[in-house]
Amino acid sequence: MCKLNGILCGVVALSLFVGCGSALAEKAQLDNNAASEIVLDVVRIEACVDNTDECFVAGGSKQMNLFDLAEGKVEAEGKVDFAKQVLLPDNTTELRLVLGDKSTVAVNGKSFSLTVPSGQTSGLKLKGENIFPKKGGFLTSLALNFDLGKMLVEQKKNGTDAAYSLKPVIQVASADIKPMPENTVGAVVLPGQESVIELGNAFTLSIPSGAVSGATVLTVEEIKNYIEVIDPLTQQIIIKPDLASTFKLEPDGFVFA
Numbered sequence: 001m002c003k004l005n006g007i008l009c010g011v012v013a014l015s016l017f018v019g020c021g022s023a024l025a026e027k028a029q030l031d032n033n034a035a036s037e038i039v040l041d042v043v044r045i046e047a048c049v050d051n052t053d054e055c056f057v058a059g060g061s062k063q064m065n066l067f068d069l070a071e072g073k074v075e076a077e078g079k080v081d082f083a084k085q086v087l088l089p090d091n092t093t094e095l096r097l098v099l100g101d102k103s104t105v106a107v108n109g110k111s112f113s114l115t116v117p118s119g120q121t122s123g124l125k126l127k128g129e130n131i132f133p134k135k136g137g138f139l140t141s142l143a144l145n146f147d148l149g150k151m152l153v154e155q156k157k158n159g160t161d162a163a164y165s166l167k168p169v170i171q172v173a174s175a176d177i178k179p180m181p182e183n184t185v186g187a188v189v190l191p192g193q194e195s196v197i198e199l200g201n202a203f204t205l206s207i208p209s210g211a212v213s214g215a216t217v218l219t220v221e222e223i224k225n226y227i228e229v230i231d232p233l234t235q236q237i238i239i240k241p242d243l244a245s246t247f248k249l250e251p252d253g254f255v256f257a
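If you number the sequence shown the way UniProt numbering does, the last residue is 257 and the count never jumps.
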C-alpha cells in the first residue's frame with residue numbers, strides 16, 4: 001500500500017568530495033568560471049522523516065541541473081519549479097537524490113562524468129536546519145547557496161581524461177511547499193508494488209503492481225456537482241450539492257502501463 005497525506009519540502013548546500021586512489025596523479029581546485037552546468041541523473045527522490053530511520057520515495061526520475069537552482073554560478077541562491085513532481089510526508093527533515101550513472105559536469109565546453117560518494121545507494125543528501133515545515137505537501141521550489149570553486153575538484157588521472165566528484169551532502173538555503181488542496185489526496189505510486197488511493201468513503205483507486213514504469217506522483221481531486229431545485233416552502237430556485245461527484249486524476253492524460 002502506498003499512501004501519502006502530506007507535502008514536503010527540502011533544501012541543500014553544496015561542496016566537493018575528493019576521492020583517493022592509486023590512479024590519481026593530482027587534485028586541482030576548479031576555477032569558478034570553468035563549469036557551465038552540473039546535471040544530476042536523479043533516479044528517485046526520497047524524504048526522510050524526523051526521529052525515525054525511515055525514508056520514503058517522494059518523487060521519480062528527473063534530470064536536474066544544479067545551476068537551475070542558483071541565480072549565479074558562485075555563492076548564489078535560486079529556485080526551480082518542481083510542478084507537482086515531489087510529494088512529501090509530514091515531519092520531513094531531509095531529502096535524498098538517489099542517482100544513476102549518467103551525472104555529468106560541463107567544464108570549458110566539454111562534458112565529464114561526475115560521481116557522488118554513495119550517490120547510487122543512500123543518495124545525495126539535501127539538508128537544512130529548520131528548513132522543512134512540519135506539514136507535508138508538494139515541493140514547489142528549492143534554493144541553494146554554493147561556492148562552485150569549493151564544490152567541485154578535478155581529479156586528474158594518469159593518461160586519462162579528468163574526472164570530477166561532488167560532496168555527498170548539500171545544505172539547503174530555502175524551500176517552498178504547497179499544501180494539498182481541499183478534497184484532494186495524493187500518493188507516490190511505485191513500480192512493482194500495489195497501491196491504493198482513497199478519498200474518504202467516496203473514492204477508491206486500486207493500482208496493480210507494474211502499472212507504472214517509475215515512481216510517479218498521482219493525485220485525485222473530488223469535484224462536487226451542484227443542481228438547481230425548487231424549495232418546497234418558498235418555491236424559490238436553490239442550488240444544492242448533487243449526490244454524485246466527479247473525480248479528477250492528475251497528471252492529466254496519465255496512462256498506466
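We treat Cβ as the ideally placed atom computed from N, Cα and C, and that holds for glycine.
- Distances from the CA of Ala-34 to each of Ala-47, Glu-154, Lys-178 were compared; the closest alpha carbon is that of Glu-154.
- If you look at Met-151, you'll find it in the alpha helix (DSSP H) that goes 148 to 151.
- Contact check for Pro-181 against Glu-221 passes: the beta carbons are separated by less than 8 Å.
- Under DSSP, Asn-65 takes part in a beta bridge, and its partners are Val-39.
- The DSSP-derived three-state label of Pro-241 is strand.
- DSSP places Asn-91 in no beta strand (DSSP E); its state is neither H nor E.
- Rounded to the nearest angstrom, the Cβ distance from Lys-62 to Asp-90 is 23 Å, too far for a contact under 8 Å.
- Three or more Cβ pairs drawn from the region 84 to 99 and the region 119 to 139 lie within less than 8 Å of each other, which places the two stretches in contact.
- Residue state for Ala-163 is assigned as strand, using DSSP reduced to three classes.
- Runs of the beta strand (DSSP E) spanning 3 or more residues and lying entirely within the region 152 to 223 occur at 152 to 157, 163 to 166, 169 to 178, 184 to 189, 195 to 199, 203 to 207, in chain order.
- When Cβ pairs closer than 8 Å are counted between the two stretches, the region 184 to 197 is seen not to touch the region 225 to 245, the count staying below three.
- About 5 Å separates the beta carbons of Val-105 and Leu-114, which is inside the 8 Å limit, making them a contact pair.
- In this chain, the beta strand (DSSP E) harbouring Leu-114 covers 110 to 115.
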